[in-house]
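Top to bottom, those sequences are chains A and B.
FYI, the numbering for the first sequence is 154 to 507, going by my numbering.
FYI, the numbering for the second sequence is 10 to 97, going by my numbering.
Reading through the structure tokens given below for one structure.
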Amino acid sequence: MTELLVGTKKGLFVLEGETGGEFRIATRAFAGEPVDYAVRDTRTGRAFATATNPFYGPKIWFADDPGGEWTQAQGVELPSGGEAALERIWVIAPAEAAGRLYAGGDPGVLFQSDDGGETWELNQALWNHPTRPRWQPGGGGLCLHSIVTWPGQPERLTVAISAAGVWHTEDGGESWRTGNEGLMPRYLPEAGDAQPLALCVHHIERAPRRPDRLFLQFHGGVYRSDDAGRSWEEIGRPLPSDFGFPLAVDPADPDSAFVIPLVADMDRTTPEGRVRVYETRDAGSTWEPRGDGLPSADAYLTVLRLALARRGEGETMELYFGSTTGEVFGSADAGGSWRTLAALLPPVFAVTAA
Amino acid sequence: MALLCVRGPLKKLAGGEGRHELDGGTVGELLERLEDRHPELRGWILDERGRIRRHINVYVNGDQGEGRTPVGEGDRIDVLPAISGGER
Numbered sequence: 154m155t156e157l158l159v160g161t162k163k164g165l166f167v168l169e170g171e172t173g174g175e176f177r178i179a180t181r182a183f184a185g186e187p188v189d190y191a192v193r194d195t196r197t198g199r200a201f202a203t204a205t206n207p208f209y210g211p212k213i214w215f216a217d218d219p220g221g222e223w224t225q226a227q228g229v230e231l232p233s234g235g236e237a238a239l240e241r242i243w244v245i246a247p248a249e250a251a252g253r254l255y256a257g258g259d260p261g262v263l264f265q266s267d268d269g270g271e272t273w274e275l276n277q278a279l280w281n282h283p284t285r286p287r288w289q290p291g292g293g294g295l296c297l298h299s300i301v302t303w304p305g306q307p308e309r310l311t312v313a314i315s316a317a318g319v320w321h322t323e324d325g326g327e328s329w330r331t332g333n334e335g336l337m338p339r340y341l342p343e344a345g346d347a348q349p350l351a352l353c354v355h356h357i358e359r360a361p362r363r364p365d366r367l368f369l370q371f372h373g374g375v376y377r378s379d380d381a382g383r384s385w386e387e388i389g390r391p392l393p394s395d396f397g398f399p400l401a402v403d404p405a406d407p408d409s410a411f412v413i414p415l416v417a418d419m420d421r422t423t424p425e426g427r428v429r430v431y432e433t434r435d436a437g438s439t440w441e442p443r444g445d446g447l448p449s450a451d452a453y454l455t456v457l458r459l460a461l462a463r464r465g466e467g468e469t470m471e472l473y474f475g476s477t478t479g480e481v482f483g484s485a486d487a488g489g490s491w492r493t494l495a496a497l498l499p500p501v502f503a504v505t506a507a
Numbered sequence: 010m011a012l013l014c015v016r017g018p019l020k021k022l023a024g025g026e027g028r029h030e031l032d033g034g035t036v037g038e039l040l041e042r043l044e045d046r047h048p049e050l051r052g053w054i055l056d057e058r059g060r061i062r063r064h065i066n067v068y069v070n071g072d073q074g075e076g077r078t079p080v081g082e083g084d085r086i087d088v089l090p091a092i093s094g095g096e097r
């Protein structure tokens, strides 16, 4: 059985179903609240959800049973008495170290938990980075939305911030350096800052069997790095559009990546009214559309950066994505064929699979 | 002493009590005292800056107030979610 945690504008939906078959809504939690992200830590079985209650602010919650009682995690806050307040938690990621998790949020902040997600601490080095005054928020705020671990090396971590680019640490978060060489922001003047920081990265994923390779969906442009994110090569030109938000990889194939193109930043809908996932198996030299079973006409969907999820790997890898018009689609054959799993949910912010 | 009234999830976090008699010279001070008494409320009404969250309204004896609004003996302060919070 596969479990999908679907964060929506109006609550968390837990979908359950047999892989490749029908799914049903097993639970709805946080009714009425925007649930920005939810994930189950498969190491412990504990589920996490981040909800930005419009009245009471952003919180991280955890539960062993999403249908039962949720407990508020502690420490998810900025230093008191300052000029900034936590706006939103975007993503939660289990780390390489046992019991450790990371959470990223707005305004460009990273939290770490070493007790299985019950208490959290702000990463001070990133919070106090001297370049922070130059960071600029994107349309979704100053969001730290991608957290990419390095298999077997818990001290190495990559995060991405919109719009402050790619950041790496190799000492467990004690220090951070940028990794933006080669990223070409079309929304900035060519003659501007030689190394701009206002880089609107939409999502990053690492190829776990070749961890120095990463794929990146940019605000216009798809990129690959073969040097652990120091520099980037554009690979999205063959796509019908290289604008989009989410990106996924097949862990079994370091040459693989999946994206969901949207027309452009000024028209964030699926091109030509057709919903298609594009797949590369040659590290970005060529891309093939995967749309069998997806809406092929009159479908103008938006898929957000955390609304594409993967489970498993290889030929039977499962892929799932949700749209801001409330559909959830799934594939049990690595994108070869698709079916609609839910159609009338609130706008989908995030999907994870376990 | 002033009377500070909360409801809904705030009441649950405030030990299940909706009415709290507190000392303080301003609405903000009363809210800080309430947080001290019930740490589970931390971050729910006041943000890290010590400001009342944008979509929470406070009323002093029925008139809309803010964190620096003075309060005195016998005043009643109501803490309510604002209708503006329904935008998302």
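Just so you know, even glycine gets a beta-carbon here, dropped at the ideal spot from N, CA and C.
Taking buried to mean at least 16 other C-beta atoms within 10 Å of its own C-beta, is N66 (chain B) buried or exposed? buried
With which residues is L461 (chain A) paired in a DSSP beta bridge? A:F474
Contacting positions in the stretch 199-227 of chain A - beta carbon closer than 7 Å to chain B: P207, F208, Y209 and G210
Mind listing the chain A neighbours of I65 (chain B)? Cutoff is C-beta to C-beta under 8 Å, in chain order. F208 and Y209
Where does S93 (chain B) fall in DSSP's three states? helix
Under DSSP, the alpha helix (DSSP H) around W280 (chain A) begins and ends at which residues? Q277 to W280
Does any residue of chain A have a CB that is nearer than 9 Å to the CB of E26 (chain B)? no
Is the Cβ-Cβ distance between P407 (chain A) and A360 (chain A) less than 9 Å? yes
Same chain only: Cβ atoms within 7 Å of A248 (chain A), ignoring 5 sequence neighbours per side: L254, Y255, T302 and P307
Answer yes or no: does any C-beta atom of chain A fall closer than 9 Å to that of A23 (chain B)? Closer than 9 Å: no.
Helix, strand or coil for L12 (chain B), going by three-state DSSP, please let me know. strand
Can you list, in chain order, the residues of the stretch 237-258 of chain A whose Cβ is nearer than 8 Å to any Cβ on chain B? A237, A238 and L239
Closer than 9 Å, CB to CB, is P290 (chain A) near chain B or not? no
From the DSSP output, in three-state form, read off V375 (chain A) for me. strand
List, in order along the chain, the chain A residues whose C-beta lies closer than 7 Å to that of G52 (chain B)? Think of a sphere of 7 Å around the beta carbon of G52 (chain B): the chain A residues whose beta carbon falls inside it are G210 and E230, in chain order.
Do you know whose CA, among A:W280, A:P286, A:P304 and A:V188, lies nearest G326 (chain A)'s CA? A:W280
Based on Cα-Cα distance, which residue from A:A487, A:G269 and A:I242 lies nearest to I300 (chain A)? A:I242
Kindly indicate if chain B contains any beta-carbon less than 9 Å away from that of Q476 (chain A). Here residue 476 (chain A) turns out to be Ser, not Gln, going by the sequence shown. By this cut-off, S476 (chain A) is not an interface position.
Whether R443 (chain A) touches E425 (chain A) by CB criterion (9 Å): no
Where K212 (chain A) falls: helix, strand or coil (DSSP): strand
Please look up how many angstroms separate the CB atoms of P290 (chain A) and E57 (chain B), rounded, as I've assumed it's under 8 Å. Not really, about 18 Å apart at Cβ, beyond 8 Å.
Sorry if obvious, but does the Cβ on E358 (chain A) come closer than 8 Å to a heavy atom of the ligand ATP? Absent from the structure shown: the ligand ATP. Ligands present: none.
Return yes when the Cβ of V501 (chain A) is within less than 9 Å of the Cβ of E480 (chain A), no when it is not. yes
Which whole-angstrom value is the C-beta distance of M154 (chain A) and E175 (chain A), which I expect to be below 8 Å? Wrong, their Cβ atoms sit about 12 Å apart, outside the cutoff.
To the nearest angstrom, how far is it from the Cα of F474 (chain A) to the Cα of A202 (chain A)? 18 Å
Per DSSP, which residues does A506 (chain A) bridge with? Please list them. Partner(s): A:L157.
I need the straight-line Cα distance from P48 (chain B) to G374 (chain A), nearest angstrom please. 47 Å
Please return the same chain residues whose Cβ sits closer than 6 Å to the Cβ of K163 (chain A), not counting the five positions on each side in sequence. G185 and P499
In terms of alpha-carbon separation, which member of A:N333, A:R181 and A:G173 lies closest to E386 (chain A)? A:N333
Do you know how far the Cα of I61 (chain B) is from the Cα of L55 (chain B)? 5 Å
Give the range of the alpha helix (DSSP H) segment to which P18 (chain B) is assigned. G17 to L22
Considering only the beta carbon of each residue, do E274 (chain A) and F264 (chain A) sit closer than 9 Å? Against a cut-off of 9 Å, the Cβ pair of F264 (chain A) and E274 (chain A) comes out as a contact.
So what does DSSP say about G467 (chain A), is it helix, strand or coil? helix
Closest to F215 (chain A) by CA distance: which of A:A381, A:L239 and A:A182 is it? A:A182
Rounding to the nearest angstrom, what Cα-Cα distance links S409 (chain A) and E441 (chain A) in this structure? 11 Å
Residue interval of the beta strand (DSSP E) (run including G552 (chain A)): With chain A running from 154 to 507 in the structure shown, residue 552 (chain A) is simply not present.
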